[in-house]
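A.B. asks: Line by line, the protein sequences are chains X and S. Number 402 marks the last residue of the first sequence (the working numbering); no jumps. Number 402 marks the last residue of the second sequence (the working numbering); no jumps.
Protein chains: 2
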Amino acid sequence: MDPRVHTHAETLVDHCTDVGPEDDVLIKAPALAEDLVVALYEQLGERGARPKTTLRSRRAGRAYARQMDEADFRTKEHALAEMEATDVVIMVQAGSNAAETSDIDPSKAAASNRANGPVLEERLDSTRWVITQHPTAADAQRAELSTEAWADTVYDAIDRDWAAQRDRQQRMADRLDAADEVRLKSGEHTDVTMSVAGTVGCNDYGKQNLPGGEAYTSPVPDSVEGTVLFDVPIVRNGREIRNARLTFEGGEVVDYAAERGEEVLSSVLETDAGARRVGELGIGMNRGIDAPTGYVLFDEKMGDTVHLALGNAIEEGVGDGAFNESATHVDLIVDMSEDSVIEVDGEVIQRDGVFWFESGFEA
Amino acid sequence: MDPRVHTHAETLVDHCTDVGPEDDVLIKAPALAEDLVVALYEQLGERGARPKTTLRSRRAGRAYARQMDEADFRTKEHALAEMEATDVVIMVQAGSNAAETSDIDPSKAAASNRANGPVLEERLDSTRWVITQHPTAADAQRAELSTEAWADTVYDAIDRDWAAQRDRQQRMADRLDAADEVRLKSGEHTDVTMSVAGTVGCNDYGKQNLPGGEAYTSPVPDSVEGTVLFDVPIVRNGREIRNARLTFEGGEVVDYAAERGEEVLSSVLETDAGARRVGELGIGMNRGIDAPTGYVLFDEKMGDTVHLALGNAIEEGVGDGAFNESATHVDLIVDMSEDSVIEVDGEVIQRDGVFWFESGFEA
Numbered sequence: 040m041d042p043r044v045h046t047h048a049e050t051l052v053d054h055c056t057d058v059g060p061e062d063d064v065l066i067k068a069p070a071l072a073e074d075l076v077v078a079l080y081e082q083l084g085e086r087g088a089r090p091k092t093t094l095r096s097r098r099a100g101r102a103y104a105r106q107m108d109e110a111d112f113r114t115k116e117h118a119l120a121e122m123e124a125t126d127v128v129i130m131v132q133a134g135s136n137a138a139e140t141s142d143i144d145p146s147k148a149a150a151s152n153r154a155n156g157p158v159l160e161e162r163l164d165s166t167r168w169v170i171t172q173h174p175t176a177a178d179a180q181r182a183e184l185s186t187e188a189w190a191d192t193v194y195d196a197i198d199r200d201w202a203a204q205r206d207r208q209q210r211m212a213d214r215l216d217a218a219d220e221v222r223l224k225s226g227e228h229t230d231v232t233m234s235v236a237g238t239v240g241c242n243d244y245g246k247q248n249l250p251g252g253e254a255y256t257s258p259v260p261d262s263v264e265g266t267v268l269f270d271v272p273i274v275r276n277g278r279e280i281r282n283a284r285l286t287f288e289g290g291e292v293v294d295y296a297a298e299r300g301e302e303v304l305s306s307v308l309e310t311d312a313g314a315r316r317v318g319e320l321g322i323g324m325n326r327g328i329d330a331p332t333g334y335v336l337f338d339e340k341m342g343d344t345v346h347l348a349l350g351n352a353i354e355e356g357v358g359d360g361a362f363n364e365s366a367t368h369v370d371l372i373v374d375m376s377e378d379s380v381i382e383v384d385g386e387v388i389q390r391d392g393v394f395w396f397e398s399g400f401e402a
Numbered sequence: 040m041d042p043r044v045h046t047h048a049e050t051l052v053d054h055c056t057d058v059g060p061e062d063d064v065l066i067k068a069p070a071l072a073e074d075l076v077v078a079l080y081e082q083l084g085e086r087g088a089r090p091k092t093t094l095r096s097r098r099a100g101r102a103y104a105r106q107m108d109e110a111d112f113r114t115k116e117h118a119l120a121e122m123e124a125t126d127v128v129i130m131v132q133a134g135s136n137a138a139e140t141s142d143i144d145p146s147k148a149a150a151s152n153r154a155n156g157p158v159l160e161e162r163l164d165s166t167r168w169v170i171t172q173h174p175t176a177a178d179a180q181r182a183e184l185s186t187e188a189w190a191d192t193v194y195d196a197i198d199r200d201w202a203a204q205r206d207r208q209q210r211m212a213d214r215l216d217a218a219d220e221v222r223l224k225s226g227e228h229t230d231v232t233m234s235v236a237g238t239v240g241c242n243d244y245g246k247q248n249l250p251g252g253e254a255y256t257s258p259v260p261d262s263v264e265g266t267v268l269f270d271v272p273i274v275r276n277g278r279e280i281r282n283a284r285l286t287f288e289g290g291e292v293v294d295y296a297a298e299r300g301e302e303v304l305s306s307v308l309e310t311d312a313g314a315r316r317v318g319e320l321g322i323g324m325n326r327g328i329d330a331p332t333g334y335v336l337f338d339e340k341m342g343d344t345v346h347l348a349l350g351n352a353i354e355e356g357v358g359d360g361a362f363n364e365s366a367t368h369v370d371l372i373v374d375m376s377e378d379s380v381i382e383v384d385g386e387v388i389q390r391d392g393v394f395w396f397e398s399g400f401e402a
């Protein structure tokens, strides 16, 4: 086995989730990630914790959804009971075919998400959890890299000095914490403002996402005003969303279009009322990721990007603001590397991807 | 996908477990069985049930057990909570390497089984469940067959007229039900008697095992007397047990030896007091299986065999007898095709594998 898999597993149970002998641990992983599952069981055995693994299979999910009627999705009681008795959740992504669910009606995916709402809530409220990535050939193909180069990309982003990353990001988190308003401008199409007054500036240094690498907050839901062109593509429910353009008024999406995947975007927005509002503003700060990979987990952390999530707010970021509740949470990403600024309370804190504390910054 | 996989899935959710829209279904399957998992999700979607899948991985189990101390195994609370909320369990076997756990101390496997006792009990008491097999190349290798020939063997044993099988087996089940004593004699080494007075003769026509194909009962635990040579090999915890010879007095194993795997047998017997007694007598009646495969699920159903299980009794078979309780249940098999008889209350009902109601039978 690649020795980096062992290091990865150790980081997951140590830095990310701090597992001890009292913990019941739930791993969720596809078949292709079995190496990482094996390495995790080794680590968990060493700590005397109790693991079990749920098989993630998009093929199975597709086969199921095609037979189900939208109205028939209901919460899985055994999944909920399991989550209620779980202390730590380790979710592993390892793709075999990103288009696997591309022939599922997106409204069914939204119905499935709604049905899963209580399980999601239980995980967010009552477990320590982390999402991570195990490299596969299919994912390498999407990133337009050889399998080995993709594995290097994954482990370069994961095997970082997270203490140093934490300190660096804390400057941005503090800035967000103290701020009242954030404005994002990029190219001709993106100019959006939002209130972050009273919300909390948070620091993702690889605890809940591995790779981590962002500063984030949950903006005041009603305050988002303006238009954003999300020009870094993402994949949702097996379909690409490319160049989505959303207009917000009073915090709500009032107009939208996308060059590709407009139907998927539409079904996301129709999940519930909260899905039409912004639950998260994130600012990518992981310089170990230097080109889009097609994977949100990586691309949203890229140093030259910001992202807004439609849907459920991140609890830690809400503070005195209102909590935007939704059964979904979809991160959409803007490239800030050229002709772009982030302003905080009228002051430019990033220009063309360069932060105020980095060399080469022009105020 | 092999069309027989779809038929298999349909039999599992229909004949075996009768799944409806009210059911939360738990599938337990290794990565190599993903085709069957996909086919099951399709069937379960059609019925409006709610599936989830636990990944079975012997590699992971081995990595975990090697790090754990025997005394540290404890019940997985999330697995127990999940099982309590589960209506139907479908367990799929699909081997990649039968020797995967051969370098684990068998006493750790026994400790793991004991810790899993409450989950097992919950499944047996409160769910509809079935165990089945999905064909793989590694399993074909163990059966000394080509991959295609092994798939044919699996589906020939599974795709049967289970109504006809039920009727045929019911004659044997009725005979067991009415009997007071059963005696098994085979070759020089096997001669054992046991009381089945007051116990229930049961008919396995592919409900809890697919393939099914046996008549069975749970003998009176204290009544087993004599010696048995189990000459059909089985694999337990990654190690073969071959030609195990057990002597019973007052129902308890008082002496044992095995040509191979004696240490594994020993650890089975040491699981708990119930593991030293017989929990089941089964008589194989599936003529679709005509040679040992190395898989208990198949070999114990073979028309020319009987098996005794060490450990936990089968509830349905106990009747007025005492329930033999144990955290384990290990089926050991005797070849009855030559120089063998089964006697019920002194009357020969099978000679050299031929039942009294079959042509060629000599009383």
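Built from N, CA and C at the ideal position, the CB exists for glycine as well.
Since X:Leu347 is in the beta strand (DSSP E), which residue starts that stretch and which ends it?
C.D. replies: Position 308 of the first sequence, counting from 1, holds the residue named residue 347 of chain X. Taken as a continuous stretch (DSSP letters only), the beta strand (DSSP E) holding X:Leu347 covers 344–350.
A.B. asks: Excluding the five sequence neighbours on either side, which residues of its own chain have a C-beta within less than 8 Å of the C-beta of S:Thr92, listed in chain order?
C.D. replies: Here residue 92 of chain S corresponds to residue number 53 of the second sequence, with the count starting at 1. Here the set comprises Leu65, Ile66, Lys67, Ala68, Val76.
A.B. asks: Just verifying my parser: in three-state terms, what is the DSSP assignment at X:Lys147?
C.D. replies: Residue 147 of chain X sits at position 108 when you count from the first residue of the first sequence. Reduced to three states, the DSSP call for X:Lys147 is helix.
A.B. asks: If you draw a straight line from the alpha carbon of X:Ser379 to that of X:His173, how long is it in whole angstroms?
C.D. replies: Residue mapping note: residue 379 of chain X aligns to position 340 of the first sequence, counting from 1. Residue mapping note: residue 173 of chain X aligns to position 134 of the first sequence, counting from 1. Near 33 Å, if we compare the C-alpha coordinates of X:His173 and X:Ser379.
A.B. asks: Using the beta-carbon of each residue, which ones in chain X are nearer than 8 Å to S:Met107?
C.D. replies: As a working note, residue 107 of chain S is residue 68 in the second sequence. The answer, in chain order, is Gly84, Gly87.
A.B. asks: So does the region 130–139 of chain S actually touch the region 269–289 of chain S, counting three or more Cβ pairs closer than 8 Å?
C.D. replies: The region 130–139 of chain S is in contact with the region 269–289 of chain S.
A.B. asks: Thinking just about the alpha-carbon of each residue, which of S:Ser365, S:Val303, S:Val263, S:Glu187 is nearest to the one in S:Asn282?
C.D. replies: If you number the second sequence from 1, residue 282 of chain S lands on position 243. It is S:Val303.
A.B. asks: Could one say the Cβ of X:Val77 lies closer than 7 Å to chain S's Cβ atoms, at least one of them?
C.D. replies: Translated into the one-based positions of the first sequence, residue 77 of chain X becomes position 38. Answer yes: the Cβ-Cβ gap between X:Val77 and chain S drops below 7 Å somewhere.
A.B. asks: For S:Lys224, tell me which candidate among S:Leu51, S:His346, S:Arg97 has the shortest Cα-Cα distance.
C.D. replies: As a position in the second sequence, residue 224 of chain S is number 185, starting the count at 1. Measuring from the Cα of S:Lys224, the nearest candidate turns out to be S:His346.
A.B. asks: Excluding the 5 residues flanking S:Arg299 on each side, which residues of the same chain have their C-beta closer than 6 Å to its C-beta?
C.D. replies: As a first step, residue 299 of chain S must be located in the second sequence, where it is residue number 260. These residues qualify, in order along the chain: Glu279, Arg281.
A.B. asks: Verify the contact flag: S:Arg167, CB atom, against every heavy atom of the ligand GTP, threshold strictly below 6 Å.
C.D. replies: This structure lacks the ligand GTP; in fact it carries no ligand of any kind.
A.B. asks: Would you please verify whether the beta carbon of S:Leu163 is less than 7 Å from any beta carbon of chain X?
C.D. replies: Numbered from 1 along the second sequence, position 124 holds the residue referred to as residue 163 of chain S. So no, S:Leu163 is outside the interface.
A.B. asks: With a cut-off of 8 Å on the beta carbons, I'd call S:Glu161 and S:Leu215 a contact; round off their distance for me.
C.D. replies: Taking the second sequence and counting its residues from 1, one reaches residue 161 of chain S at position 122. Taking the second sequence and counting its residues from 1, one reaches residue 215 of chain S at position 176. The pair is not a contact, with the Cβ atoms about 28 Å apart (cut-off 8 Å).
A.B. asks: Give, in chain order, every residue of the region 164–184 of chain S whose Cβ lies closer than 9 Å to some Cβ of chain X.
C.D. replies: Here the close residues number zero.
A.B. asks: In terms of alpha-carbon separation, which member of S:Ala148, S:Leu308, S:Glu116, S:Asp74 lies closest to S:Ala1?
C.D. replies: A query on residue 1 of chain S cannot be resolved here, the shown segment of chain S reaching from 40 to 402 and no further.
A.B. asks: Looking only at its chain, what residues have a beta carbon closer than 6 Å to the beta carbon of S:Arg199, apart from the 5 residues adjacent to it on each side?
C.D. replies: Taking the first residue of the second sequence as 1, we reach residue 199 of chain S at position 160. Hits under 6 Å: Gly327.
A.B. asks: Let me confirm a value: X:Phe9 is counted as buried when at least 16 other C-beta atoms fall within 10 Å, else exposed. Which label applies?
C.D. replies: With chain X running from 40 to 402 in the structure shown, residue 9 of chain X is simply not present.
A.B. asks: Which residue comes first and which comes last in the beta strand (DSSP E) that contains X:Gln172?
C.D. replies: As a working note, residue 172 of chain X is residue 133 in the first sequence. Per DSSP, X:Gln172 belongs to the beta strand (DSSP E) from 167–172.
A.B. asks: Taking Cβ-Cβ distances shorter than 9 Å, what residues in chain X pair up with S:Thr93?
C.D. replies: Looking up residue 93 of chain S in the second sequence gives position 54. Those within 9 Å of S:Thr93 in chain X are Lys91, Thr92, Thr93, Leu94.
A.B. asks: What are the partner residues of S:Ile129, as DSSP defines its beta bridges?
C.D. replies: Working through the second sequence from its first residue, we reach residue 129 of chain S at position 90. Answer is S:Ile66, S:Val169.
A.B. asks: Write down the C-beta distance between S:Trp189 and S:Met130 rounded to the nearest angstrom, noting that I regard them as a contact closer than 8 Å.
C.D. replies: In the second sequence, the residue the question calls residue 189 of chain S occupies position 150. In the second sequence, the residue the question calls residue 130 of chain S occupies position 91. S:Trp189 to S:Met130, Cβ: 19 Å. No contact.
A.B. asks: Starting from the Cα of S:Glu309, find the closest Cα among S:Thr166, S:Met324, S:Gly289, S:Leu349 and give me that residue.
C.D. replies: What you label residue 309 of chain S is simply residue 270 of the second sequence in a count that begins at 1. If we check each option's Cα against that of S:Glu309, S:Leu349 comes out closest.
A.B. asks: Please tell me whether X:His117 has its Cβ less than 7 Å away from any Cβ of chain S.
C.D. replies: Residue mapping note: residue 117 of chain X aligns to position 78 of the first sequence, counting from 1. Output row for X:His117: interface = yes.
A.B. asks: Let's test the definition: count the other Cβ atoms within 10 Å of the Cβ of S:Val127 and tell me whether it reaches 16, buried, or not, exposed.
C.D. replies: On the second sequence, position 88 is the one that residue 127 of chain S refers to. So S:Val127 ends up on the buried side.
A.B. asks: Among X:Glu187, X:Ala177, X:Glu288, which one has its Cα closest to the Cα of X:Arg43?
C.D. replies: The sequence position of residue 43 of chain X within the first sequence is 4, counting from 1. Selected option, being the one with the closest Cα: X:Glu187.
A.B. asks: Among residues of its own chain, excluding the 5 on either side of X:Asp338, which ones have a beta-carbon nearer than 7 Å to its beta-carbon?
C.D. replies: Here residue 338 of chain X corresponds to residue number 299 of the first sequence, with the count starting at 1. Within the same chain, X:Asp338 has close Cβ partners Val271, Pro331, Thr332, Thr344, Ile372.
A.B. asks: Using the C-alpha atoms, what's the distance from S:Ile197 back to S:Ala205?
C.D. replies: Taking the first residue of the second sequence as 1, we reach residue 205 of chain S at position 166. Taking the first residue of the second sequence as 1, we reach residue 197 of chain S at position 158. The sequence given here places Arg at residue 205 of chain S; Ala does not occur at that position. Going by the C-alpha atoms only, they are around 14 Å apart.
A.B. asks: Give a yes or no on whether the C-beta atoms belonging to X:Phe112 and X:Ser146 are separated by under 7 Å.
C.D. replies: As a working mapping, residue 112 of chain X is identified with position 73 in the first sequence. As a working mapping, residue 146 of chain X is identified with position 107 in the first sequence. Against a cut-off of 7 Å, the Cβ pair of X:Ser146 and X:Phe112 comes out as no contact.
A.B. asks: Enumerate in chain order the residues of its own chain whose CB-to-CB distance from X:Met107 is below 7 Å, with the five nearest sequence positions on each side excluded.
C.D. replies: Here residue 107 of chain X refers to the residue found at position 68 of the first sequence. Excluding sequence neighbours, X:Met107 sits near Lys147.
A.B. asks: Can the beta-carbon of X:Phe368 be found less than 7 Å from the beta-carbon of X:Gly313?
C.D. replies: As a working mapping, residue 368 of chain X is identified with position 329 in the first sequence. As a working mapping, residue 313 of chain X is identified with position 274 in the first sequence. The identity of residue 368 of chain X in the sequence shown is His, whereas the question assumes Phe. For X:His368 and X:Gly313, no; Cβs fall outside 7 Å.
A.B. asks: Is the number of C-beta pairs between the region 230–239 of chain X and the region 256–273 of chain X that are closer than 8 Å three or more?
C.D. replies: Segments in contact, yes.
A.B. asks: On the DSSP letters alone, give me the boundaries of the beta strand (DSSP E) that X:Gly265 sits inside.
C.D. replies: The sequence position of residue 265 of chain X within the first sequence is 226, counting from 1. It spans 264–269 - the beta strand (DSSP E) in which X:Gly265 sits, taken as one unbroken run.
A.B. asks: What residues from chain X crowd round S:Ala102, counting only those whose CB sits closer than 8 Å?
C.D. replies: Counted from its first residue, the second sequence places residue 102 of chain S at position 63. Near S:Ala102 (Cβ distances below 8 Å), the residues of chain X are Val77, Ala78, Tyr80, Glu81, Gly84.
A.B. asks: So, at 6 Å on beta carbons, what are the nonlocal neighbours of X:Ala176 in its own chain, with the 5 sequence-adjacent residues on each side left out?
C.D. replies: In the first sequence, the residue the question calls residue 176 of chain X occupies position 137. Answer for X:Ala176: Thr186, listed in chain order.
A.B. asks: In three-state terms, what does DSSP make of X:Glu382?
C.D. replies: Numbered from 1 along the first sequence, position 343 holds the residue referred to as residue 382 of chain X. In the structure shown, X:Glu382 sits in a strand (DSSP, three-state: E or B).
A.B. asks: Any idea which residues DSSP pairs S:Lys91 with across the strands?
C.D. replies: One-based indexing of the second sequence puts residue 91 of chain S at position 52. According to DSSP, S:Lys91 bridges with S:Leu65.
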